[in-house]
Every structure is written in structure tokens, then in C-alpha cells.
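According to our numbering, the sequence shown is numbered sequentially starting from 517. Report on one structure; see the data block that follows.
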Amino acid sequence: MGVSGHIPVLLEETIDALAVKPGGRYVDGTFGRGGHSRAIAARGGEVLGIDRDDDALASAQGFRVVKGCHGNLERIARENGWDYVDGILLDLGVSSPQLDEAGRGFSFLREGPLDMRMDRSGGVSAADLVNGESAESLERIFRELGEEPQSRRIARAIVKARETKDLESTGELAALIERTVGRRGGRHPATRAFQALRMAVNDEIGELERALTGGLELLKGGGRFAVITFESLTDRIVKRFFAAHVGKMVSLQRGGAEWNGELPRVRAVTGKATVAGKEEVDLNPRSRSAKLRVIEKEIG
């Protein structure tokens, strides 16, 4: 982040909400091109970056960046001598450089192989899923991870098409989906299916859930946790997780009230999610769907 081709989303809002302290320790669990990390460092914070994309790691001059998944951020931080930290940032989803490089296979707008792996050193690709999973499994992926209302039709069309030949490119899959469900409105009909495949290939929901749990354990009392999401599914997960730890006061039959919630206890720094203003959206359309949520771990 922060290099040509990628503009950090909600940059000032995120860094302000993290309340960066000079000399404080901050984990950027999705380092990307380092835009948010540079802003943290500019305010005197010490950054430990994590990313599983080799291209991101290669661009990380001047920063301490470890190859890994943000789901393991607690373990990675402690292996690097950081037992507790002052802040954690997750900027989820796919970065602009990943979308822009056709060979990565993330975008239906660019002809390329059906890959979608953030770490290309191993693991299953989108092509493996599309050409190997059953119709029932593909339907579940599209429904649960893409919230795609036409998940069954798309899954069945894929299974039928691959009887003739494997689906190998982003263009082939996008065209098949468009033929299957038609096109209405401005959104490409393959949008949700591509999102679902990307999330499945990279276990994005599992990584997020592990990062949230581990991150709260890693935070010092008074430390802050900021998460930027781009899909309604991931935003709901973050919103519910944070709300459970914020908890609420519950009235007791015998009188008075007591706090009810998950430990460790936190307070919400952002009430409603912070979203990009018109000026940022005009400059960077990707920011239109971004939502920032931030909590602070209570002391004691």
C-alpha cells in the first residue's frame, strides 16, 4: 500500500483512531504496500508487518515484515519478541496491485489464469475449486462467502461446462456466469462469485476470526484494534465480535445491573462504522465500500 497503483483507504481516520504513540508497538497484519505502516511510523510508532504475498514482502523496504497470515498474528508477534502491542491494524480484502495484475486471477475485468492465491507458493487455486468441487460444494461457497442469490444456477452451470473442458481463465468463468444469470444494473454478475472463490482459496473468514481472537490477547490494556472491511460478510463478523466484547449492562431481578459480554472487555472507539467521504471516494472508488471499526481494550 502507498506505492503507485494503490492508495491506502481511510488512512487519516485509521491512524487517528489507532491513537499512535511515539515508541508504541503496532502490528500491521495486512502490510500490503505499506501505506498505513508508513503513516504509523511517521507518528513515531514501531511497526511489525505481516503479509503472505511475496510481491508485498519484496516492496517492504525499511520495515520489519514477516511472511505469514494475519490469522497467526499473535504467534508471529511473540516469536518476534513482541509479547504485547499498543495497536493492531487489519486492512482486509484484495489490494489494488493484486487486482491490477492479470496473472493473479483476482479480477474478472482482466483475462488471466484462475488463481486467486495470495500466497502463490502453495495451496489450492480458484481453478482447483471450480474444476474439482461438486455442485453442492460450489453452491455453498457462492452462497455463504459471496451471498450470491443465484448460487445454485451458477454452480450447476460450472459443473455442466467442465464436462466439455476445464475452466481455466477469469474471462471464461465470468462469461459463463453472465450467460447463466444475465446482466442487470451496473454490477457485473460475476462479482459475488469471484469474491466467494477468493475467500475460499485464501480461507479469509478463518483467518479473520483467528486474527480477531489472537489480536485481543496480544493487545495491551488501552491498546487499540482497527479493522477495515470491504464486504458485508466480513464487516458483520467484525461488528459482532467487537460488540460481544463491548458487552452491555443487563438489569437484575434483585435490582441493579451487571455487565454481560465476552472477555477480554473492550470499549468501542467508533460507534457506527467510519466510511469514506465523497472526496476520497472520488479519488479512490475502491474506498466506497470500506468500513472502519475500532475498539480499545480495557485496562485491568
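The C-beta atom is built at its ideal place from N, Cα and C for all residues, glycine as well.
On a Cα-Cα basis, can you pick out the residue from the options that is closest to residue i?
{"i": "residue 787", "options": "801, 804, 809, 802", "result": "809"}
{"i": "residue 600", "options": "730, 531, 683", "result": "730"}
{"i": "residue 622", "options": "700, 716, 577", "result": "716"}
{"i": "residue 567", "options": "616, 533, 582", "result": "582"}
{"i": "residue 644", "options": "713, 739, 780, 535", "result": "713"}
{"i": "residue 611", "options": "627, 571, 604", "result": "571"}
{"i": "residue 584", "options": "653, 666, 771, 638", "result": "638"}
{"i": "residue 538", "options": "602, 577, 592", "result": "602"}
{"i": "residue 668", "options": "677, 660, 587, 655", "result": "655"}
{"i": "residue 560", "options": "547, 574, 542, 549", "result": "542"}
{"i": "residue 499", "options": "784, 803, 785", "result": "A query on residue 499 cannot be resolved here, the shown segment of the chain reaching from 517 to 816 and no further."}
{"i": "residue 597", "options": "617, 734, 697", "result": "734"}
{"i": "residue 641", "options": "753, 666, 574, 686", "result": "686"}
{"i": "residue 761", "options": "721, 749, 700, 785", "result": "785"}
{"i": "residue 547", "options": "609, 529, 535, 594", "result": "609"}
{"i": "residue 694", "options": "682, 684, 709", "result": "709"}
{"i": "residue 634", "options": "617, 531, 626, 523", "result": "617"}
{"i": "residue 726", "options": "590, 544, 529", "result": "590"}
{"i": "residue 628", "options": "664, 688, 661", "result": "688"}
{"i": "residue 746", "options": "774, 736, 711", "result": "711"}
Taking all protein chains shown into account, decide if residue i is buried (16 or more other Cβ within 10 angstroms of its Cβ) or exposed.
{"i": "residue 520", "result": "Per-residue confidence for residue 520 stands at a pLDDT of 39, beneath the threshold of 50, marking its modelled position as unreliable; the derived number appears in the next sentence. Its Cβ having fewer than 16 others within 10 Å, residue 520 is exposed."}
{"i": "residue 517", "result": "In this predicted model, residue 517 has a pLDDT of only 36, less than 50, meaning its place in the structure is not dependable; the value taken from the coordinates is given anyway. The residue in question, residue 517, is buried, as its Cβ has 16 or more Cβ neighbours within 10 Å."}
{"i": "residue 765", "result": "exposed"}
{"i": "residue 614", "result": "buried"}
{"i": "residue 556", "result": "buried"}
{"i": "residue 816", "result": "exposed"}
{"i": "residue 551", "result": "buried"}
{"i": "residue 807", "result": "buried"}
{"i": "residue 718", "result": "buried"}
{"i": "residue 525", "result": "buried"}
{"i": "residue 813", "result": "buried"}
{"i": "residue 533", "result": "buried"}
{"i": "residue 680", "result": "exposed"}
{"i": "residue 577", "result": "exposed"}
{"i": "residue 799", "result": "exposed"}
{"i": "residue 795", "result": "exposed"}
{"i": "residue 666", "result": "buried"}
From the DSSP output, which residues share a beta bridge with residue i?
{"i": "residue 729", "result": "According to DSSP, residue 729 bridges with nothing at all."}
{"i": "residue 564", "result": "543, 580"}
{"i": "residue 784", "result": "811"}
{"i": "residue 790", "result": "808"}
{"i": "residue 767", "result": "773"}
Give the range of the beta strand (DSSP E) segment to which residue i is assigned.
{"i": "residue 541", "result": "541-544"}
{"i": "residue 774", "result": "773-776"}
Following a CB-centred definition, is residue i positioned closer than 6 Å to any heavy atom of the ligand ATP?
{"i": "residue 701", "result": "Ligands are entirely absent from the displayed structure, and the ligand ATP is therefore not among its contents."}
From which residue to which residue does the alpha helix (DSSP H) around residue i run?
{"i": "residue 666", "result": "Taken as a continuous stretch (DSSP letters only), residue 666 belongs to no alpha helix (DSSP H), as it is neither H nor E."}
{"i": "residue 717", "result": "707-717"}
{"i": "residue 554", "result": "551-558"}
{"i": "residue 816", "result": "Segment: none, residue 816 is in no alpha helix (DSSP H) and carries neither H nor E."}
{"i": "residue 696", "result": "686-697"}
{"i": "residue 574", "result": "570-574"}
{"i": "residue 593", "result": "589-595"}
{"i": "residue 528", "result": "527-534"}
Give a yes or no on whether the minimum CB-CB distance between residue i and chain C is below 7 Å.
{"i": "residue 593", "result": "Absent here is chain C; the protein component of the structure consists of one chain."}
(request) Output the residue ranges of the alpha helix (DSSP H) runs that lie fully inside the region 600-663 and measure 4 residues or longer, sorted by chain position. (result) Segments of the alpha helix (DSSP H) lying fully in the region 600-663: 612-616, 642-648, 651-662.
(message) What ranges does the alpha helix (DSSP H) occupy inside the region 730-765, keeping only unbroken runs of at least 4 residues that lie completely in it?
(response) List check, alpha helix (DSSP H) in window: 748-762.
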